[in-house]
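Take the position in the sequence shown, starting the count at 1, then add 1431; the result is the number in my numbering. For every residue, glycine included, the Cβ atom is placed at its ideal position computed from N, Cα and C.
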Amino acid sequence: MKKSWVNRFLGLVERLGNLLPHPVTLFALFALATILLSALGSYLDWSVVDPRPEGTKGRAADGMIRVESLLDGDGIRKIVTELVSNFVKFAPLGTVLVALLGVGVAEHSGLLSAAIRLLVLGAPRVLVTAALVFAGVISNTASEIGYVVIVPMGAAIFHSLGRHPLAGLAAAFAGVSGGYSANLLIGTVDPLLAGLTETAAKMIASEYSVNPACNWYFMIGSTFVITLVGTLVTAKIVEPRLAEFVDREDSASKTERDSMQPLVRLEKKGLLAAAATALLLTGLLIYLSYPIHSQHPELGSQQTLSSGWQGILRNPQTNSLENSALLKGVVAFVFLGFLIPGFVYGWVVGTMKSDRDVINSMSKSMSSMGPYIVLVFFAAQFVQYFDWSNLGTILAVKGSEWIRALKMDHAGIFVFFILVCALVNLLMGSASAKWSFMAPIFVPMLMLTGYSPEIIQAAYRIGDSCTNVISPMMSYFGMIFIMIHRYDKTAGMGSLISLMLPYSVVFLIVWTLFFYFWVFVLGLPLGPSAPIYFSTES
């Protein structure tokens, strides 16, 4: 059968991408290239004007951002002395390993297998895909734990149903990473981005304030758009193409599909016990996060107080959930949330009888992470070198200045703005790091053309999300690559990029159109107290 032009193009992307070296080698070469390029850039005095206002922490006295050489004395000393700290402080490393300690217990006790069978047996194919994408989007409320839990679960669910596991992995990854800025709830990144936006807005209006929930309504709408689009891309583009090489699947994982048998009575009893345990843990978490409201005897106003353990996971200074232990300790709660119900399930069904079984389960999970740990070591060095050299920052600022030179004063500028954000996202993985340098340029510029800081931030978040799934700079990209190898030992970097490219392109197009429809056709608010337009006279 003749291949469509889409399949031919993706096949070309895969073949070209697979010509690249192993990702470990690639990151090592990137690190070396960064060192050499930093020396050249420093010698040639590559620099840009720092767009951040005076007094900002880290801003040079002369207001310039220059390339810092990693081949001079300071650079070499930094490379040598911080080699270990670069590795151990690499954020995804601890998140993945700690979460997997708990997930390993739930997996080896049989809890995850039973829960998956309960979820998917008898469910229509399209609903399974939609549920995965939706779960991936929602998981972003709990920091970045979706990469650790939802993505591998997506592959396992599809494989158990006799569908290609990489299609399930791709659907879940698209929801978690490509839909990073969509959600039904406010997450940890919202207050951070709003603070950066407000700082930039005050360059034009000194009293302007930005609500952390300023994009909430648009995020809610985007959740369903991303779920629908991700489901269609999986069904119409990704899964049909993967069917061509299903036979290359690793036979060692066929037990997942063979295990898709109806639940027996003992398994149902174990699931009920695990569910009851999870419910108790959830109730405890709510109690530890719920404030006490009482009347202050002197002021006569309602105050938020703590009593005993109630509310101890809230911020002790502000009594709010912002910057609280509840939000900062998500990984710990995930660890316990899988460990304890996993053990309870195993105790009921007989797969876990002592602490030795728990420890063995954790050990088995860690033993499978060897390739990921090796990759992370080199990726961490490269990311840190790129940051030290200021090369990524300078590229981001230069890219931002390019769109400013277009001098567009109508709504069409948001198309170019979103595209620039998407391209910069390929170079810098952190949403807050990019916005800290782009916001001082774009927020004042677009405010002067009549647009509010809230709409500028919403447009940024679209570009910041769509290319996550094809960016090697994304922190969890290496982990996803290792997951693919479980099912396809021949996969290379090009395989992952070609797998996710359809999501990236379609998300970018549809999400941008949805943005214009929401804002400029329907005129709907982006969130509470979030106007679309700004006037310098107000």
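Nearest-angstrom Cα separation, counted from residue j out to residue i
i	j	result
Y1964	K1829	27 angstroms
E1629	H1916	43 angstroms
G1506	F1589	48 angstroms
P1482	Y1474	23 angstroms
I1668	H1595	13 angstroms
A1842	V1950	10 angstroms
L1877	M1650	21 angstroms
I1844	L1715	49 angstroms
I1825	L1770	44 angstroms
N1646	T1560	26 angstroms
V1761	I1717	13 angstroms
L1858	A1644	27 angstroms
L1460	L1719	48 angstroms
I1940	N1750	41 angstroms
P1956	P1452	47 angstroms
S1966	N1746	36 angstroms
F1847	G1958	23 angstroms
M1931	E1832	29 angstroms
Residue i and residue j closer than 9 angstroms at C-beta
i	j	result
V1455	L1710	no
V1780	E1698	yes
G1606	G1577	yes
Q1888	A1636	no
G1541	G1701	yes
A1602	T1665	yes
S1792	E1513	no
A1853	G1881	no
S1935	C1897	yes
R1497	N1821	yes
F1948	I1849	no
F1604	A1811	no
V1900	G1609	yes
F1912	L1927	yes
M1797	G1535	yes
V1580	A1530	yes
L1502	L1543	no
A1706	P1772	yes
A1586	Y1918	yes
S1469	W1819	yes
Among the options, nearest to residue i - alpha-carbon criterion
i	options	result
L1615	F1589, T1943, A1605 and I1657	I1657
G1823	W1740, W1477, H1595 and F1604	W1477
G1599	I1617, L1558, V1620 and S1637	L1558
S1500	A1613, L1471 and F1521	L1471
A1870	P1555, L1857, L1858 and E1885	E1885
G1525	L1850, R1892 and V1765	V1765
I1569	V1536, Y1611 and L1543	Y1611
L1757	A1763, G1593, L1744 and S1751	L1744
L1597	G1923, W1819 and M1914	M1914
F1873	I1510, G1489 and A1631	A1631
V1851	S1883, L1592, D1788 and R1892	R1892
S1794	I1510, L1528, A1462 and A1491	L1528
A1890	A1613, L1457 and A1562	A1613
Cut-off 8 angstroms between Cβ atoms - residues of its own chain near residue i, not counting five sequence neighbours on either side
i	result
G1768	G1533, A1709 and L1712
F1808	F1518
Local Cβ density within 10 Å of residue i, reported as buried at 16 or more and exposed below that
i	result
P1875	buried
W1740	exposed
Y1721	exposed
K1784	exposed
P1583	buried
M1905	buried
D1621	buried
S1902	buried
T1465	buried
G1909	buried
V1814	buried
S1516	exposed
G1489	exposed
W1942	buried
Same chain, Cβ closer than 6 angstroms to residue i, five either side skipped, listed in chain order
i	result
G1954	none
M1800	none
S1960	N1642
T1782	S1540 and G1541
Residues near residue i in its chain [Cβ-Cβ closer than 7 angstroms; skip 5 each side]
i	result
A1704	V1775, Y1776 and V1779
L1694	A1545, R1548 and L1549
V1480	G1494 and M1495
P1671	none
I1617	P1643, A1644 and W1647
Y1816	A1462, T1465, I1466 and L1501
I1510	L1501
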